[in-house]
Amino acid sequence: MATLTPTLTLLSSDALVNPLNLSVTDTLDITGNSGFGKTGLTTGDSSILLAADYGRSFVYLRNLSVKSSEHITIDFGSGLSMLIHPGEFAVFPWDGSQNIVAAAAAGTPKLEHAVFEF
Amino acid sequence: MATLTVTTTISSPAGDILSDALALNLSNAYALDGDVSMDLVEVSTAAGTGNAAMTLLIANSGRGTKSGILYLKNTGATGETITVYTDTGDDNTIADLANEDIFVIKAGEFAIFPWAGTHDLWASTAAGAPKMEVGYFAESAA
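Those protein sequence lines, which keep their order, are chains A and B. Heads up: the first sequence is residues 1 to 118, going by the numbering used here. Heads up: the second sequence is residues 119 to 260, going by the numbering used here.
This is how it looks when you write it as structure tokens:
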């Protein structure tokens, strides 16, 4: 069985009254399919990950653009849920019930993505 | 203006997921402008508790006025799985939640993502009363 180890650190000296230094880690057993990719987007919808292809999965998304106007919207099915600015990323345990659909707010940004099925 | 630095690594040893070792290292510094909060929220079962008990963050009001970085972690015990929903219909009903679930977060698992802030986020658990760490950091770029 393959193992995936995600870690996350949140640091800020001035966001809260006291300094924030939060670190979390997890160990995930990957039992299904894995995939990596980079997709060029337009303002039309692009299905990045299909629910029909994956069960519950750990997903990584990153907006590779460096142009400030090239935001990427992420829908689960049809409702806007994420707004990824250039350079920003997301990691989350996708439940695999709705397609992950991406579109550019403007321009032609590239979305880097990876999926690891639990 | 405050700054939040988020660093994530995703790793796997050689021969596990890939023949070579996997090591993704991500980091980004976010300029914050607006509300910031770190809460520990008890998540309940949906049945019999009403919709209000399921709300994690309300869009377009209070903390959800603008998009922000959202951190979620299930601090519950094994078996206390949390499902997170986005109320894309903006109808405040649980009838259509089967079409609005986005994450299933088991005990010890976490998520970080730039929440669009356009629809309410709800959460429920099928068992127990796990607590969810919820961190919200409003972005200045939003």
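Note that the Cβ used here is the ideal one computed from N, Cα and C, for glycine as well.
Beta-carbon proximity check, residue i vs residue j, cutoff 7 Å
i: B:LEU150; j: B:PHE255; result: yes
i: A:GLY79; j: B:THR204; result: yes
i: B:PHE194; j: B:GLU257; result: A small fix is needed here, since residue 194 of chain B is Gly in this sequence, not Phe. Against a cut-off of 7 Å, the Cβ pair of B:GLU257 and B:GLY194 comes out as no contact.
i: B:THR126; j: A:LEU8; result: yes
i: A:ASN99; j: A:SER46; result: no
i: A:ASP95; j: B:ASP153; result: no
i: B:PRO248; j: A:GLU88; result: no
i: B:ALA225; j: B:GLU198; result: yes
i: B:ALA234; j: A:MET82; result: yes
i: B:ILE135; j: A:SER34; result: yes
i: A:GLY55; j: A:GLU117; result: yes
Pick from the options that is closest to residue i, judged by C-alpha positions
i: B:THR206; options: B:GLU160, B:LEU215, B:THR199, B:GLU198; result: B:LEU215
i: A:VAL59; options: B:ASP208, B:ILE223, B:PRO248; result: B:ILE223
i: B:SER137; options: A:THR3, A:TYR54, A:LEU83; result: A:THR3
i: A:ILE72; options: A:HIS85, A:SER81, A:VAL66; result: A:HIS85
i: B:SER130; options: A:LEU16, A:ILE30, A:ASN18; result: A:ILE30
i: B:SER162; options: B:LEU142, B:GLY253, B:VAL202; result: B:VAL202
i: B:LEU190; options: B:LEU122, B:PHE228, B:MET172, B:ALA245; result: B:PHE228
i: A:SER23; options: B:MET119, B:ASP134, B:THR236, B:THR123; result: B:THR123
i: A:LYS38; options: A:SER69, A:LEU61, A:ASP14; result: A:LEU61
i: A:ASP53; options: A:LEU111, A:ASP14, A:GLY32, A:ALA104; result: A:GLY32
i: A:PRO93; options: A:VAL115, A:GLU70, A:LYS67, A:LEU20; result: A:VAL115
Where residue i meets chain B, residues with beta-carbon distance less than 8 Å
i: A:GLY32; result: Correct list: empty, because the minimum Cβ distance to chain B is about 11 Å.
i: A:ASP95; result: THR201, ASP219, ILE220, PHE221, VAL222
i: A:GLY107; result: Those do not exist, as A:GLY107 stays about 16 Å from chain B at its closest Cβ, beyond 8 Å.
i: A:ALA104; result: Going along chain B, no residue has its Cβ under 8 Å from A:ALA104, so there is no contact; the nearest lies around 14 Å.
i: A:TYR54; result: Residues of chain B passing the Cβ test: none, with the nearest at roughly 12 Å.
Residue interval of the beta strand (DSSP E) (run including residue i)
i: A:TYR60; result: 57 to 63
i: A:PHE89; result: 89 to 94
i: B:PHE231; result: 228 to 233
i: B:ASN192; result: 186 to 192
i: A:LYS38; result: 34 to 40
i: A:LYS110; result: 110 to 117
i: B:GLU218; result: That residue, B:GLU218, is in no beta strand (DSSP E); it is neither H nor E in DSSP.
i: A:ASN51; result: Reading off the sequence, residue 51 of chain A comes out as Ala, not Asn. Looking at the DSSP string, A:ALA51 is not in any beta strand (DSSP E), and its letter there is neither H nor E.
i: A:ALA102; result: 100 to 104
i: B:MET172; result: Neither: B:MET172 is in no beta strand (DSSP E) and is coded neither H nor E.
i: A:ILE30; result: 28 to 30
Counterpart residues of residue i in DSSP-defined beta bridges
i: B:ASN146; result: B:VAL124
i: A:VAL17; result: Per DSSP, none; premise fails for A:VAL17.
i: B:ASP157; result: B:VAL252
i: A:MET1; result: None; A:MET1 has no bridge partner.
i: B:MET119; result: Answer by DSSP bridge pairing: none, since B:MET119 is not bridged.
i: A:ASP75; result: A:LEU80, A:VAL101
i: B:THR242; result: Inspection of the sequence shows that residue 242 of chain B is occupied by Ser rather than by Thr. BP columns for B:SER242 point to B:THR201.
i: B:LEU140; result: B:SER130
i: B:ILE223; result: B:ILE200
i: A:VAL24; result: A:LEU8
Residue i: contacting residues in chain B (beta-carbon distance under 7 Å)
i: A:GLY7; result: What sits at residue 7 of chain A in the sequence shown is Thr, not Gly. The answer, in chain order, is THR126, THR127.
i: A:HIS113; result: Within chain B, no residue comes near A:HIS113; the closest Cβ sits about 11 Å away, beyond 7 Å.
Under 7 Å by beta carbon: chain A residues contacting residue i
i: B:VAL154; result: ALA15, LEU16
i: B:ALA120; result: SER12, ASP14, ALA15
Chain-ordered neighbours of residue i on chain A, where CB pairs are closer than 9 Å
i: B:SER185; result: MET82, LEU83, HIS85
Residue i: contacting residues in chain A (beta-carbon distance under 8 Å)
i: B:SER130; result: ALA2, THR3, LEU4, THR5, ILE30
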